[in-house]
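So the numbering used here is basically just the index in the sequence shown, starting at one, shifted up by 114.
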Amino acid sequence: MDGVLSQEEISALLSDDAGAADGGGNDLLTTDEIDAIGEISNISMGTAATTLFSLVNRKVEISTPVVTFATWDDIVEEYERPCVFIRIAYTTGLDGSNLLVLREQDVKIITDLMMGGDGTNTEVELGELHLSAICEAMNQMMGSAATSLSSMLNKMIDISPPTADLVDLKDTVDGTDIDEFLGGQFVKISFLMEIGDLVKSTIMQLYPASFAKEMCTGVTETMEADSSTVSSASQQGSAPPQPEQPQMMQQPQMQPQMMQQPQMQPQMMQQPQMPMMGMPMYAQQPVNAQPVQFQAFAGDFNPITQQENIGLIMDVPLDVTVELGRTSKSIQDILEFAPGTIIELNKIAGEPIDVLVNGKYVAKGEVVVLEESFGVRITEIINN
115 MDGVLSQEEI SALLSDDAGA ADGGGNDLLT TDEIDAIGEI SNISMGTAAT
165 TLFSLVNRKV EISTPVVTFA TWDDIVEEYE RPCVFIRIAY TTGLDGSNLL
215 VLREQDVKII TDLMMGGDGT NTEVELGELH LSAICEAMNQ MMGSAATSLS
265 SMLNKMIDIS PPTADLVDLK DTVDGTDIDE FLGGQFVKIS FLMEIGDLVK
315 STIMQLYPAS FAKEMCTGVT ETMEADSSTV SSASQQGSAP PQPEQPQMMQ
365 QPQMQPQMMQ QPQMQPQMMQ QPQMPMMGMP MYAQQPVNAQ PVQFQAFAGD
415 FNPITQQENI GLIMDVPLDV TVELGRTSKS IQDILEFAPG TIIELNKIAG
465 EPIDVLVNGK YVAKGEVVVL EESFGVRITE IINN
């Protein structure tokens, strides 16, 4: 199945939520907590999608998450087998873990794109290389999601490196262990992920109910703190500026006193840098400013012609590199290198080779043999 809820299942879930007020149905999360966990997932997975785009160089779209409740039997019954379980543990700011469930085929496509392929090399068996690659992808994706979560919760959030396993759900996973980790009933967040025209499938995040509540509590506390700060700031902004009122009333009385005591004026003239509020600025004395004049250089001075100074750098060593050719390979091609592997370069036989000095292209030449060593004969100097 594709993991999309039918209308009957949605209606059943809604009826369960309605019955929670009477003591029946599902009471894992309140309606406000469901909205909060949905908003957390929406922001986190949106950030993760941007990170995934940079890894696979394909357009990545993730739909709005759907928050429901499920048991382990529900997951076994509805999800395609085998699949890949990726566990993400939070080490800072939050205490808990969650599971991300992906189809085996989707993992093969993502890892093939990461290794420079076109996403069609999916006939091979899923191995350790695929699991390591998807763990690295999830490490970057969920790391960026943790950064967004840090902003929402107003505290530092960090994760440990994810771990990935290929499981068959029924045969190779002990349901008791999953129940112990997630609990009998847990929070399931489903969303549709599209990667170009290669992937279009539903993936899931599974949260223990206690961990979901902890995140919701953090979001609620942050929102209440922000609301309290805004309210306090607005109250302070509406209050009259009490300290400034007496100063403005006293300023007009200071000017007559200055007029009655002329002996104070010379003292004030000596400190124009610190005028008092409300007092007139005294005129500054005029400054005699003239344009600067530079002495002309002697006519026979020319640093370029002073060849004797170049001797100061004659013994500076430079790296001379002779480049036979270049090529580019994907990570997968490089991992397949073995003794005897032939690498084709971008130069044809007999074509001049490049000579570089400190990485700068300066000349062309041809390979020669000097006794028992290779050498290069310069055939052309490149004027850059």
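Beta carbons are placed, not taken as given, at the ideal position from N, Cα and C, and that holds for glycine. Quick caveat: nothing in here was measured; it's all calculated off a predicted structure.
| Item | Value |
| --- | --- |
| Chain-order list of residues whose beta-carbon lies under 8 Å from that of valine 490 (same chain, five-residue window excluded) | Val436, Ile467, Val469, Gly479, Glu480, Val481 and Val482 |
| Glutamine 219 versus serine 315: straight-line alpha-carbon distance, rounded | 10 Å |
| Bounding residues of the beta strand (DSSP E) (the contiguous stretch that carries aspartate 220) | Aspartate 220 -> not in any beta strand (DSSP E); alpha helix (DSSP H) instead, spanning 218-228. |
| Same chain, Cβ closer than 8 Å to glutamate 162, neighbours up to 5 away in sequence not counted | Reading the sequence as shown, one finds alanine at residue 162 and not glutamate. So the list reads Ile176, Met255, Met256, Ser258 and Ala259, once near-sequence residues are dropped. |
| Top-ranked residue by Cα proximity to serine 274, from Val221, Val215 and Thr206 | Thr206 |
| Inter-stretch contact (C-beta, 8 Å, three-pair minimum) for the region 238-245 and the region 164-184 | no |
| Phenylalanine 451 (DSSP reduced to helix, strand or coil) | coil |
| Nonlocal neighbours in the same chain, by C-beta distance under 8 Å from phenylalanine 299, ignoring five residues either side | What sits at residue 299 in the sequence shown is glutamine, not phenylalanine. Taken in chain order, the residues that qualify are Asn140, Leu142, Phe183, Ala184, Thr185 and Ala323. |
| Element boundaries [beta strand (DSSP E), containing serine 487] | 487-495 |
| Euclidean distance between Cα positions of threonine 277 and serine 246 | 8 Å |
| Three-state class that DSSP yields for threonine 277 in the structure shown | strand |
| Start and end residues, beta strand (DSSP E) containing methionine 256 | Careful: methionine 256 lies outside any beta strand (DSSP E), inside the alpha helix (DSSP H) at 242-267. |
| Anticipated Cβ contact below 8 Å, asparagine 171 with leucine 227, distance rounded | 7 Å |
| Per-residue DSSP class, three states only, for glutamate 358 | Because glutamate 358 carries a pLDDT of 47, less than 50, the predicted location of this residue cannot be relied on, and no value is offered for it. |
| First and last residue of the uninterrupted alpha helix (DSSP H) at threonine 164 | 145-170 |
| Residue range of the unbroken beta strand (DSSP E) whose run includes glutamate 308 | 300-309 |
| Under the three-state DSSP convention, the category serine 315 falls into | strand |
| Start-to-end residues for the alpha helix (DSSP H) that takes in aspartate 59 | Summary: the structure shown does not reach residue 59, with the chain confined to residues 115 through 498, and so no result is reported for it. |
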